[in-house]
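Enquirer: Going line by line, the protein sequences match chains B and V. So for the first sequence, the working numbering puts the first residue at 1; every next one is plus one. So for the second sequence, the working numbering puts the first residue at 151; every next one is plus one. We put the CB at the ideal spot given by N, CA and C, even for glycine. Here's a structure for you.
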Amino acid sequence: MLGVKSPRDFGSALVFLFIGFSGIYFGSDLTYGTAGRMGPGYFPFILSVLIIAIGVGVGIRSLMVEGPPVEAPKLRPLFFVLMSIIIFGYGVTYIGLALTGILLTFLAAFARRDVNLVETAIFAVLLSVGTVLVFVYALGQPLPAWWGDY
Amino acid sequence: MTGFGAAGTWANLGFALVGCLLGTLIGVLPGIGPIPTIAILLPITYGLDPLSSLVMLAGIYYGAAYGGSTTSILVNMPGEASSIVTCIDGHQMARQGRAGAALAVSAIGSFFAGCVGTLFICAFAPPLAAVAQQFNSPDYFSLMVLGLVTAVVLAHGSVVKAIGMILVGLLFGLVGTDVNSGATRYTFGISVLWDGLDFLPIVIGMFGVVEIIKNLEVPEAERQHITARFRELWPKPSDLKEAFMPMVRGTFLGSILGILPGGGSVLASFAAYTVEKKIAKDPSRFGKGAIEGVAGPESANNSASQTSFIPLLTLGLPSNAIMALMMGAMMIQGIQPGSAVMTSRPDLFWGMVASMWIGNAMLVIINLPMIGIWVKLLSMPYRFLYPAILLFCVIGVYSTNNNAVMMLFTAGFSVFGYILMRFDCEPAPMILGFILGPLMEENLRRSLVLSRGDPMIFIQRPISATLLVLTAIVVALIVLPAFRKTREEAFVE
């Protein structure tokens, strides 16, 4: 019976296979050309095939060699950090760096379990203002500071 | 040495200073190693002219490397692979209250190594560049293959997976419009992708953000805090005496190993540690705070960092992920690293070399007095540090184009990086592949055009053949059990 002995390697194999097959599928409308006149699809195809080969190799190994289990992902940090990043982009465009900095600090804070709202608020303001001063004024980055540019 | 003249203007010195400060400041933050540090601070250099931006980048690079050592010593969290060795004895020294001595020795050793490294570059770069003039497309292609494979040898963990990551990086590097045919590849109709994927969201997403998330998953109580007991801030004269020969040995070891493509500084620091331990009169002191265990590896590390620029500047081959970033930065400035740079823009080349030395000097001048500040910074609880880190990361990405869509990419790559981390896949080889992807394809294409589709051209040209033989040897070494054991032993430590 085939049992997965190394879950991490098995997962890696899946990732490689996914990328490899996607590479071939999404590149299928590109012309391959010949060796002497390489088309845009040539190198991607070779790479995708090699990636699939690696995926197969790692996959086979994962069925034969023991490996440590995959740790379960904790969703809370992942979710809040991602949210902060995505919202940051729109935030800076519409309401500027300072306000978005405060927003981001709050969102990021919720990635932890023990959040002290007052402490976070003070910190958020200090950090945002400080960051604006450093990045926009001291370093001259073309970022909208106090309100959005949109 | 007109380079010193070009780089030594007050304005450029100022840039180097700022670069060093910023590099150290961000490099010191736990979890932010040199790669994310350089990535975050890169956009700041965009507005400057090429030489000034390179000078600042050099400052950032050294600041980041030093910040990484600081974190290793104080918090036992290495910022990158080559700092792992510094953790071993450096952190022990910190626990004994000798953190100041460790940090100082690290900085001084690095400076010494930097000076020698610069001399090395002066000596070896011109002949190497002359050799590079002989290179043609097949040779470049084989060189890149060699470089990538060698980089894998020194990646931690599974070699096969590292090769896979390189291939993935190569593939991602091809996203965008193909210059030769005008066809768009893997763009899914998104216009932002027509110019290809930006490397900044990839690097920050996969390195910086993933690190933050990883740290957040550990409950606060378990995270290590520094015992910031400082009995003395400066090393005793006896410390310096003990550290001197290790510094020298480390420097020479590092200078030579750094030229090799692929993780030169990792190999250098491990090798230096092993050498010091073997030569020491009392090897049992190692692991408990032996100053040679800091001086040797740090010097080796830094001189390898210097000389690892050599392949980049003379042959256009980035020997590790950090060099790949530098290469990306240079390309954004319109400089195509390679043998052409030395001849067509010697002021740029020598200015860069000079700026590296200046960066080193800056480091010692600024950071030694400021050790106390860095320590205070690190003793802040993580719950304050990580929102700041995150903020700097996102600002860095956003300010490249002031485009919110970049953040979506960053988030996407963060998820990708997270998944990879959970599955024990190394992201660093992917960066290498990413930067080299389009170049490899171009050289492959040109080679095959030259040979009218005959793949034998790679073996017919002597330089290319030699490089491929070397590649085969490296591959054989990876596979040979004896070598594998040595490799694993080195990493177990």
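With H, G and I counted as helix, E and B as strand and the rest as coil, what does DSSP make of Met38 of chain B?
Expert: Correct three-state label for Met38 of chain B: strand.
Enquirer: Between Ala257 of chain V and Val514 of chain V, how many whole angstroms is the CB-CB distance? I'm expecting something under 8 angstroms.
Expert: The pair is a contact, with the Cβ atoms about 5 angstroms apart (cut-off 8 angstroms).
Enquirer: Determine which residues share a DSSP beta bridge with Gly443 of chain V and list them.
Expert: Paired residue(s): none; Gly443 of chain V is not in a bridge.
Enquirer: Should Gly20 of chain B and Gly59 of chain B be called a contact, given that it needs their Cβ atoms to be closer than 7 angstroms?
Expert: Contact: no.
Enquirer: Buried or exposed: which applies to Pro142 of chain B, given that a residue is buried once 16 or more other Cβ atoms fall within 10 Å of its Cβ?
Expert: Exposed: under 16 other Cβ atoms inside 10 Å.
Enquirer: State the CB to CB distance for the pair Val299 of chain V and Thr616 of chain V, rounded to an integer number of angstroms; the pair is presumed to be in contact (CB under 8 angstroms).
Expert: Between Thr616 of chain V and Val299 of chain V the Cβ distance is about 14 angstroms, and since that is not below 8 angstroms, they are no contact.
Enquirer: Compute every distance between the C-beta of Gln284 of chain V and the non-hydrogen atoms of the ligand SAM, then say whether any falls below 6 angstroms.
Expert: Here there are no bound small molecules, and the ligand SAM is not part of this structure.
Enquirer: What number of angstroms, rounded off, separates the C-alpha of Cys575 of chain V from the C-alpha of Leu324 of chain V?
Expert: Distance between the alpha carbons of Cys575 of chain V and Leu324 of chain V is about 21 angstroms.
Enquirer: Can you tell me where the alpha helix (DSSP H) with Phe357 of chain V in it begins and where it stops?
Expert: Segment: none, Phe357 of chain V is in no alpha helix (DSSP H) and carries neither H nor E.
Enquirer: Excluding the 5 residues preceding and the 5 following Val547 of chain V in the sequence, name in chain order all residues of the same chain whose CB lies nearer than 6 angstroms to its CB.
Expert: These residues qualify, in order along the chain: Leu350, Pro351, Ile354, Met556 and Thr560.
Enquirer: Please list the partners that Glu66 of chain B has in chain V, where partner means a Cβ-to-Cβ separation under 7 angstroms.
Expert: Simply none; closest approach about 13 angstroms.
Enquirer: Judging by CA-CA distance, which residue of V:Ile623, V:Val625 and V:Gly583 is the nearest neighbour of Phe291 of chain V?
Expert: Checking every option, the nearest Cα to that of Phe291 of chain V belongs to V:Gly583.
Enquirer: Mind the definition here: the region 534–553 of chain V touches the region 79–90 of chain B only if three or more C-beta pairs lie below 8 angstroms; say whether that holds.
Expert: Contact holds: three or more Cβ-Cβ distances are below 8 angstroms.
Enquirer: Any residues in the region 158–190 of chain V with a beta carbon nearer than 9 angstroms to a beta carbon of chain B? Which ones, in chain order?
Expert: Of all residues in the region 158–190 of chain V, Val168 and Leu172 have a Cβ within less than 9 angstroms of some Cβ in chain B.
Enquirer: Tell me which residues of the region 551–577 of chain V have at least one Cβ-Cβ distance to chain B shorter than 8 angstroms, keeping chain order.
Expert: From the region 551–577 of chain V, only Asn552, Asn553, Ala554, Val555, Met556, Met557, Leu558, Thr560, Ala561, Ser564, Val565, Tyr568, Ile569, Leu570, Arg572, Phe573, Asp574 and Cys575 have a Cβ closer than 8 angstroms to chain B.
Enquirer: Mind checking if Phe584 of chain V is an interface residue toward chain B, Cβ cutoff 7 angstroms exclusive?
Expert: So, not an interface residue.
Enquirer: May I ask you to list the residues that DSSP assigns as paired with Thr334 of chain V?
Expert: Answer is V:Thr327.
Enquirer: For Ala474 of chain V and Pro461 of chain V, what's the separation of their Cα atoms in angstroms?
Expert: So the two alpha carbons sit approximately 11 angstroms from each other.
Enquirer: With a threshold of 7 angstroms between beta carbons, is Leu82 of chain B in contact with chain V?
Expert: True, the Cβ-Cβ gap to chain V drops below 7 angstroms.
Enquirer: Buried or exposed: which applies to Leu320 of chain V, given that a residue is buried once 16 or more other Cβ atoms fall within 10 Å of its Cβ?
Expert: When all chains shown are included, Leu320 of chain V counts as buried.
Enquirer: Quick one: which residues of the region 192–221 of chain V get their C-beta closer than 8 angstroms to a C-beta of chain B? List them in chain order.
Expert: The residues in question are Pro193, Ile194 and Gly197.
Enquirer: I'd like to confirm the pairing. Which residues does DSSP put opposite Gly33 of chain B in its beta bridges?
Expert: In DSSP, Gly33 of chain B forms a bridge with B:Met38.
Enquirer: Going by beta carbon distance, what residues of the same chain come within less than 8 angstroms of Ile185 of chain V, once the five residues before and after it are set aside?
Expert: So the qualifying residues of the chain are Glu230, Val353, Phe357, Ala471, Ile472, Leu475, Ala578 and Ile581.
Enquirer: Looking at the C-beta of Lys427 of chain V, does it have a partner C-beta in chain B at a distance below 7 angstroms?
Expert: Output row for Lys427 of chain V: interface = no.
Enquirer: Assuming Arg399 of chain V is part of the alpha helix (DSSP H), what are its boundary residues?
Expert: Per DSSP, Arg399 of chain V belongs to the alpha helix (DSSP H) from Pro387 to Ile409.
Enquirer: Which class does Ser260 of chain V belong to by DSSP, given the choice of helix, strand or coil?
Expert: Three-state result, Ser260 of chain V: helix.
Enquirer: Listing by chain order, which chain B residues have their CB less than 8 angstroms from the CB of Arg611 of chain V?
Expert: What Arg611 of chain V touches in chain B: nothing, since even the nearest Cβ is about 17 angstroms away.
Enquirer: Where does Pro73 of chain B sit, in a helix, a strand or coil, going by DSSP?
Expert: Coil.
Enquirer: For Lys428 of chain V, count the other beta carbons within 10 Å of its own beta carbon; 16 or more makes it buried, fewer makes it exposed. Which is it?
Expert: Exposed, since its Cβ has fewer than 16 Cβ neighbours within 10 Å.
Enquirer: Taking the alpha-carbon positions, what's the Ala254 of chain V to Leu30 of chain B distance?
Expert: One C-alpha to the other measures close to 57 angstroms.
Enquirer: Less than 7 angstroms separating the beta-carbons of Ser203 of chain V and Gln483 of chain V?
Expert: Yes, the pair counts as a contact, with Cβ atoms nearer than the cut-off.
Enquirer: Measuring only between beta-carbons, confirm whether Ala72 of chain B sits less than 7 angstroms from chain V.
Expert: Chain V contact via Cβ: absent.
Enquirer: Since Ala422 of chain V contacts Asp239 of chain V with CB under 8 angstroms, what's their CB separation in whole angstroms?
Expert: About 12 angstroms; that fails the 8 angstroms criterion.
Enquirer: Quick one: list the residues of chain V neighbouring Ser152 of chain B, beta-carbon separation under 9 angstroms, in chain order.
Expert: Outside the shown range of chain B (1 to 150) lies residue 152 of chain B, about which nothing can therefore be said.
Enquirer: Count the other CB atoms, across all protein chains shown, that sit within 10 Å of the CB of Ser341 of chain V; report buried if there are 16 or more and exposed otherwise.
Expert: With fewer than 16 other Cβ atoms within 10 Å, it is exposed.
Enquirer: Can you pull the chain V residues whose beta carbon is under 7 angstroms from the beta carbon of Gly23 of chain B, in chain order?
Expert: Within 7 angstroms Cβ-Cβ: Leu321.
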